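Scroll down for the structure; my scribbles are underneath it.
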Amino acid sequence: MSTTTAAPDATRPGDPPGDRRTRRKRAPRTPLTKSQRREALTGYLFISPWIVGFLVFTLGAMVYSLVISFSRYQLATDTARPVGLANYEALFEDPKIGIALANTLYYAVLAVPLEIVLALGLALLLNSARRGAGIFRTIFYLPKMTPAVATASVFLLLLNGSQGAINRGLAAIGIQGPQWLLDPAWVKPSIVLMTLWGVAGTMVIFLAALQNVPKDLYEAASLDGAGAGRRFWNVTVPMISPAIFFNVLVLTIAAFQIFDQAFLLFHRQTGAGTSDASLFYAIYLFDQAFRQFNFGFAAAMAWLLFVIILVISLIQMRVGNRFVYYESEDAR
Amino acid sequence: MSSPIQPGRVQEAYVLTPEQAEEVERTDGATPPPAGESRPRRRRERGPALSPLGRVLEVVRWVLLLVCSALFLYPFAWLLAASFKPRGEVFDNRLIPQTWVPENYVQIFQELPLLSWLGNSLLVAILAAGLVTVSSSLVAFGFAYYRFPGRKVLFGVVLATMMLPGAVTLVPSFLIWNQLGLVGTNVPLWGANLFGSAFYIFLQRQFFLGLPKELFEAARIDGLNAWGQFWRIAFPLSVPSFVIVFLFEFQASWNNLQGALIYLNVGSAEGYTVPLGIASAMTKYDPSTGGHGDYQYVMVAALIVTLPMLILFAFGQRSFIEGLATSGRKG
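So the sequences go chain by chain: H and D.
Take any residue in the first sequence, note its place counting from 1, add 31, and you have its number in my numbering.
Oh and the second sequence: position 111 is 109 in my numbering, straight run, nothing missing.
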């Protein structure tokens, strides 16, 4: 390799680890030539902003967070006194942690499948529409552009138990709507409803995946006598399974960190008439860190959340690998 | 710190390659995918080629699309109507107000320091988006065009940080900014963007890799140094990916409630950004906390904070949708 500065990177994020091994064998540490050293230096200079940011705000912050999680932090004096495992012990003794985890899990289990089904349904509709799909796509996308505060302000009134538009609409078709925001059983469905309104991000990913399914597959399936249902299950679903998998993974991670909507509807003020039904993990973490100033406890909470999200993602990846069909694996 | 590792933002962490994006754009408008020129397709739309069952399905699709659209648009219509109503009618759910109170739009500026909130939000969003665009692009260029030891590992680290839940760095970031004496200012809301952000680095690197390397080769031979190659060639050529990054980060920053709660809540109300301001207004007017239920002002504020996003979307629709994800192949 000469002095080509513009040599494009042949590596991709998904490169198999085997690749690295062969590379290492092929190139035992020969000292760099002068021009290679220059090139390397230039490269490091270009990426130096990221290196600094990573060292301070990611790696540094993570190490710092770990230290704090084993300390009692005094904000007034900016001192961290080591307390060993006390914060983690407190974590497992605090009944609110269990409640917050259960709420968050409940929310995720309710929200993620509904989001997937609605997003896929809308994407299928848009994908099959013969015209006007662009307009409808824009309409479905608008809520995604709406700031969470605006969404929450509107739904706060729409979901009102006696006067809200949603219950009046339900009453019009003979259904007695629940006290969405007051009845502990309906607090989480309320937030799911708001989440579903902004489902367009997920929808767009499905739409792109649907449009990448080769049309001849459908024709072949039709010739073989497959009806619409069979074509959906045997062609569409396998072909878009990477997108389904990706969306499930990403929506689950997001669901575990649900904050804005719950905060705006129920937790703007400390303990202001809220039941524990809306106490999500991120809300409790925020409360402990920035209202109670229990930084050590909050840091320990953050690490527990990190481990939980990691475990769930790994499980999903394991399960996903079995069902996800990667069409062009060899081609790449 | 604004990076796609914030809660609720992860779903954006996926990209189309330019070709895929074009594919979405090309195929999703009025043109249905089945191959063929536009004329035969149009004939099919008109009817005769559709079987009776096909025609029924087409009608069902349209009805479903229209119903869904109505449901998705209803909250906007309701918001618009409510913003023109007097206090007593906010809840009456009429889409055409019985009493029109356009004065709400004037009074709100006496009720709430909305103007200074908007100014703060605008400043923060422009700084956040502008800085992250430039810094991520620099880093992406380094990863795309230069070979240096550890590049693969470092880029792997970039990708790994995209998956990191924002909660893990929430507390230490606050303490870092606190020790710098910057809590209470808006610097923490954009400061970390000086260092680039993983998702955008990934996105822009993809873009740079798509540029012909001969261009840089030639420039180098002509004696243009590395900075010149970046600034005079890569930078101007990558405007499309800049637009995507800028819009995404602008939106993220404009909507950022949690950051404002953590870093600005300590100061005076004039220093708030709009999300924090509206959150405080929701409490101010809440009858259960001693307010008078003047929700019409909250509705006006909600509309005003949404409007810039809608305008931005009207101009940058393509970029927003392109920037969004696809395929899961790289997930």
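Beta carbons: idealized from backbone N, C-alpha and C, even for Gly.
Please read these numbers as outputs of a predicted model, since none were measured by experiment.
ARG199 of chain H reaches chain D at ASN91, counting residues in chain order whose Cβ is nearer than 8 angstroms.
With distances taken between CA atoms, PHE123 of chain H lies nearest to H:PHE328 out of H:ARG349, H:PHE328, H:VAL342 and H:ALA257. In the DSSP assignment, ARG112 of chain H falls within the unbroken beta strand (DSSP E) covering 110 to 113. Taken through DSSP and simplified to helix, strand or coil, VAL181 of chain D comes out as strand.
Counting along the chain, GLN207 of chain H sits inside no alpha helix (DSSP H), nor does DSSP assign it H or E at all. For SER239 of chain D, DSSP records no beta bridge to any residue.
Counting only Cβ-Cβ distances below 7 angstroms, PRO80 of chain H has contacts in chain D at SER133, LEU136, VAL137, LEU192, PHE193 and GLY194, in chain order.
Only TRP228, GLY232, THR233 and VAL235 from the region 206 to 235 of chain H bring a Cβ to less than 8 angstroms from some Cβ of chain D.
Between the beta-carbon of THR233 of chain H and that of ASN278 of chain H there is about 5 angstroms, and that keeps the pair under the 8 angstroms contact cut. DSSP, reduced to helix, strand and coil, places TYR293 of chain D within a helical segment of the structure shown. Counting only runs of at least 3 residues, the region 84 to 152 of chain H fully encloses the following beta strand (DSSP E) elements, listed from N- to C-terminal order: 102 to 105 and 110 to 113.
For TYR315 of chain H, there are no neighbours in chain D by C-beta distance under 7 angstroms, as the nearest C-beta there is about 11 angstroms away. Close to PHE123 of chain H, with beta-carbon spacing below 7 angstroms, lies no residue of chain D; the smallest spacing is near 18 angstroms. Distance between SER195 of chain D and PRO273 of chain D, taken at the CA atoms: about 23 angstroms. Note on LYS246 of chain H: under 16 other CB atoms within 10 angstroms of its CB, so exposed under the neighbour-count rule.
Along the region 279 to 307 of chain D, going in chain order, the ones with a CB nearer than 7 angstroms to a CB of chain H are MET280, THR281, SER286, THR287, TYR293, VAL296, MET297, ALA300, VAL303, THR304 and MET307.
Rounded to whole angstroms, the gap between the alpha carbons of VAL264 of chain D and LEU178 of chain D is 16 angstroms. Taking CB atoms only, ASN253 of chain D has a neighbour in chain H less than 8 angstroms away. The three-state secondary structure of GLY256 of chain H, taken from DSSP, is coil.
Of the other Cβ atoms in all chains shown, 16 or more fall within 10 Å of the Cβ of TRP115 of chain D; this residue is therefore buried. Linking GLY258 of chain H to LEU248 of chain H through their CA atoms gives a straight-line distance of about 13 angstroms. Cβ neighbours of ILE99 of chain H within its own chain (closer than 7 angstroms, five residues either side excluded): ALA111, PHE326, GLY327 and ALA330.
Collapsing the DSSP output to three states places TRP217 of chain H in a helix. By the neighbour-count criterion, in which 16 or more other beta carbons inside 10 Å mark a residue as buried, TYR95 of chain H falls on the buried side. Taking 8 angstroms as the threshold, the shortest C-beta distance from ARG261 of chain H to chain D does not fall below it. Per DSSP, reduced to three states, the secondary structure at TYR312 of chain H is helical. Of H:VAL87, H:GLU70, H:LEU72 and H:ALA183, the smallest CA-CA separation from LEU301 of chain D is found for H:ALA183.
Look at MET307 of chain D here: in three-state DSSP terms it is helix. Proximity to PHE324 of chain H across H:THR73, H:TYR104 and H:GLY84 peaks at H:TYR104, based on C-alpha coordinates. TYR95 of chain H reaches chain D at PRO170, LEU173 and ILE174, counting residues in chain order whose Cβ is nearer than 8 angstroms. Around the beta carbon of GLU101 of chain D, fewer than 16 other beta carbons lie within 10 angstroms, which makes this residue exposed.
Between the alpha carbons of ALA154 of chain H and TRP76 of chain D lies a distance of about 26 angstroms. ARG149 of chain D has a beta carbon lying within less than 8 angstroms of a beta carbon in chain H.
Neighbours of TYR75 of chain H in chain D, taken as residues at a C-beta separation under 7 angstroms, are given in chain order as PHE146. Within the same chain, Cβ atoms closer than 8 angstroms to the Cβ of SER317 of chain D are found at PRO238, VAL241, ILE242 and LEU245, the five residues on either side in sequence being excluded. Counting the other CB atoms within 10 Å of its CB gives LEU187 of chain D a total of 16 or more, which places it among the buried residues.
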